[in-house]
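Before any comments, here is the structure.
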Amino acid sequence: MDQLNVQLWVRMEPFLVGVLQLPPPSKFSMHYLRKMSSYVRTRSNDDCYPRLSWTMWKHIACGKLQLPENLAWLYFEVFDSLVKRTAEERLEWAEATCSCKSMEEYEKLKNTLSVDTLQFLLFLYIQQLNKVSLRRSVVGDEWPSLRMRSLSPEFSGKSTCQYKNWDDYNHLSFILTHLADLLELLLDPDQLTISCHSTHTSLLPLEAIQALSFLIEGMVDKNRTVYLLHDLALWNPLQANSGYSKISKTFSLNKLQAWLKYSLVLNPFGVSACIKSGKKLAWAQQVEGTTKRAKVACNPYTAPEGHRMVVMSQVYRQTLAKSSETLVGAHVKINQCNESFIYLLSPLRSVTIEKCRNSTFVLGPVQMAIHVQSCENMKVIAISYRLSICSTTSCTFHILTPTRPLILSGNQGLILAPFHTYYPMLEEQMAHTGLATIPNSWDNPMVMNVETSDAASSWQLQSPREFYVFVIPFEMDGDTTEIPGGLPSLYQKAMNHREQRIQIWQKTVKEAGLTREQRKQFQAVVEHKFNEWLIQTGNRQQLDSLVPPTAGSRQVAG
């Protein structure tokens, strides 16, 4: 162990994307999950083990855990999206969904889905990450912790990591604290009985360690090659430490647990490493006369797929536009940006926008999820597999998404609208991330954890009369020449009607017989009114910041 210098860490993605931003159901406690673990293992002939079908999960969730069916499907579908890696798998599912002509056909299609039973049990257990601690709320502990905040003076502040899904210290602490429970969930029924008396004699089968690879990965001697947990645990030089027996092809629970505790470290690809020692990117220019300096950083070294990280903070009164290899497949955290226009026109893995104000975000296709928290007076324009919104006020979301947007607690004045823009590389990037134009559930949100009286006032659909298309003001190579999937009919009719009015107005002006001097006066009035509108809407700032920088202040490519 000392010679090989094995480092294990908690995988970020199951916590970042898989843990929903709401308190978990009470039935996801260890008591009930232990019962579920025994139940599924004793029904291996009923689509319960080693694969758990949607039909049986619905039976367990609704009949035994007393969950509403839509919530049961949400957890099942979120987990399924985590393990569906390829774009082809996602596109095939989208095509199959759209071919369903009725809800009965759709239910039959859902019944064909199944997930790894043991991994799903672990997934349900880690939902406790966001469990509210009554003790902590009484004591008044501040979160994030001081040690997290002290990692980097450049990114310091209360917003460095405002919710637990991004806090890799919290991920590590959670796994170390609950490791015994997690391993117990992986024991078969006979071993569960033994473990009640002694962990020294309990044995874990190989499939249990393969399931644990859903949460843990690592490397050897810092060679930057990332391996899943079971690959390392089965490696000959490590078998004595991991407790693996070639004869029984099982792991000693006691030895495995000790090895995991000894080897687990902070994720070297996580947000803490990115903030502390990541590569600083000069993507944004300092605005003259401001005290805030934009901070953008990526991983400290080249990260493998699924591990790329970009953190962006304190972009103030700027237009930032990037289509970069650094962004492709990256998890992006945007924090405390104000009065800015940010274009990230590359295929992204996930995006979190937190504590931002008075800004517009135009994003490339997001493969996993967008989460918006504690924001105000913002506009988000994106195609994303999932969208969730929490504690956010007066924001508009122009979204194309195959899943129902999640409206969590603390929201006011949200406006949902159809996706309304394009750029030349968009459809190519959509194919790269496995996102199609249908199904599109932008107008059918799921309101979660909200009082009934507040649910109706937390969101509304944008009125077609207030709808305009959005033009991305950059030239790029590519084949996309129109909004993918087009616009919903009501919004397209509103656009057609507006164009007709413009044509009528132009014809009226042309036929008015104005003199040359009158045309000049009329043009001056129109330009004056247009400039007033630019200033009132904040678009003047965006136009000014679109002026290319001088040679001496050229941005650094990421």
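Numbering (full-length UniProt numbering), first residue to last: 1 to 558. Ideal placement from N, C-alpha and C gives every residue a C-beta, glycine not left out.
Per-residue burial, residue i [other beta carbons within 10 Å of its own, 16 or more giving buried]
i	result
Q162	Only weak support is given to the placement of Q162: the predicted model assigns it a pLDDT of 45, under 50, and the value that follows is read from those uncertain coordinates. Looking at its Cβ environment, which holds 16 or more other Cβ atoms inside 10 Å, Q162 is buried.
V469	exposed
L476	Reading the sequence as shown, one finds Met at residue 476 and not Leu. Classification of M476: exposed, given that the 10 Å Cβ count is below 16.
G486	exposed
D221	exposed
M103	exposed
V315	buried
R465	exposed
W505	exposed
L490	exposed
A512	exposed
P473	exposed
N170	buried
S388	buried
V366	buried
residue 571	In this structure the chain extends from 1 to 558, so residue 571 is not present and cannot be described.
E217	buried
D167	buried
P418	buried
F155	Residue confidence is low: F155 scores 41 on pLDDT, short of 50, so the model does not pin down where it sits. Its coordinate-derived value is still stated next. So F155 ends up on the buried side.
Q536	exposed
L176	exposed
V380	buried
S137	Caution applies to S137, whose pLDDT of 37 falls short of 50 and renders its modelled position unreliable; the value that the coordinates give is listed next. Counting Cβ neighbours within 10 Å, S137 comes out exposed, since fewer than 16 surround it.
F120	buried
V139	Note that V139 has pLDDT 38, beneath the 50 cutoff, so the model's placement of it is unreliable and the number below is only indicative. Looking at its Cβ environment, which holds fewer than 16 other Cβ atoms inside 10 Å, V139 is exposed.
Unbroken alpha helix (DSSP H) run spanning residue i, endpoints
i	result
T433	426 to 433
D80	69 to 83
L183	168 to 185
Y125	117 to 125
S99	No alpha helix (DSSP H) holds S99; DSSP gives it neither H nor E.
C-beta contact flag for residue i and residue j at 8 Å
i	j	result
S323	S346	yes
N70	M430	no
R41	D188	yes
L185	S26	no
F15	N236	no
M448	V17	no
E13	L82	yes
I334	V362	no
A494	F467	yes
H432	A180	no
L266	L172	yes
R404	S441	yes
L461	D443	yes
T396	R386	no
L33	Y125	yes
Y106	C100	yes
Residue i at chain C interface by Cβ criterion, 8 Å
i	result
W54	In summary, chain C is missing from the structure at hand, where a single protein chain is found.
Residue i beta carbon near the ligand MN (any heavy atom closer than 7 Å)
i	result
L344	Absence of the ligand MN is noted for the structure shown, with no ligands found whatsoever.
For residue i, the first and last residue of its enclosing beta strand (DSSP E)
i	result
E480	Going by the sequence as given, residue 480 is Thr instead of Glu. Careful: T480 lies outside any beta strand (DSSP E) and carries neither H nor E.
residue 568	Nothing can be reported for residue 568, as the shown portion of the chain is limited to 1 through 558.
V310	309 to 313
L20	Careful: L20 lies outside any beta strand (DSSP E) and carries neither H nor E.
Q7	6 to 10
V332	331 to 335
T319	319 to 322
C298	295 to 298
Y343	341 to 344
S53	51 to 53
Option nearest residue i by Cα separation, candidates the options
i	options	result
S391	L406, V315, N236	L406
Q239	V265, R224, V226, I209	I209
Q66	R386, F28, Q500	F28
G278	S248, S252, V311	V311
Q128	L22, P268, L8	L22
I399	P424, V372, H307	V372
Q336	E354, L327, E325	E354
P205	N223, A233, T393, I216	A233
E112	S53, E517, D80, W57	The sequence given here places Thr at residue 112; Glu does not occur at that position. Measuring from the Cα of T112, the nearest candidate turns out to be S53.
C375	F269, M30, S359	S359
residue 559	F214, S394, A382, C62	There is no way to answer for residue 559, as the model of the chain reaches only from 1 to 558.
Q7	Y262, V296, L212, E305	Y262
I370	T201, I502, R349	R349
V115	E92, A294, I247, V78	V78
F341	R317, V332, G364, G329	R317
Q339	N377, L228, A211, V526	Per the sequence shown, the amino acid found at residue 339 is Glu instead of Gln. It is N377 whose Cα lies nearest to the Cα of E339.
T481	T319, G243, T421	T421
- Can you check the segment 358 to 437 for any beta strand (DSSP E) of at least 3 residues that lies completely inside it and give the ranges in chain order? 360 to 363, 366 to 373, 379 to 383, 387 to 390, 396 to 400, 414 to 418
- Message: If we require 3 or more residues per run, which beta strand (DSSP E) segments fall completely within the segment 210 to 292?
- Response: 216 to 220, 250 to 252
- Task: Go through the segment 466 to 520 residue by residue and report every complete run of the alpha helix (DSSP H) that reaches 4 residues or more, in order.
- Result: 489 to 510
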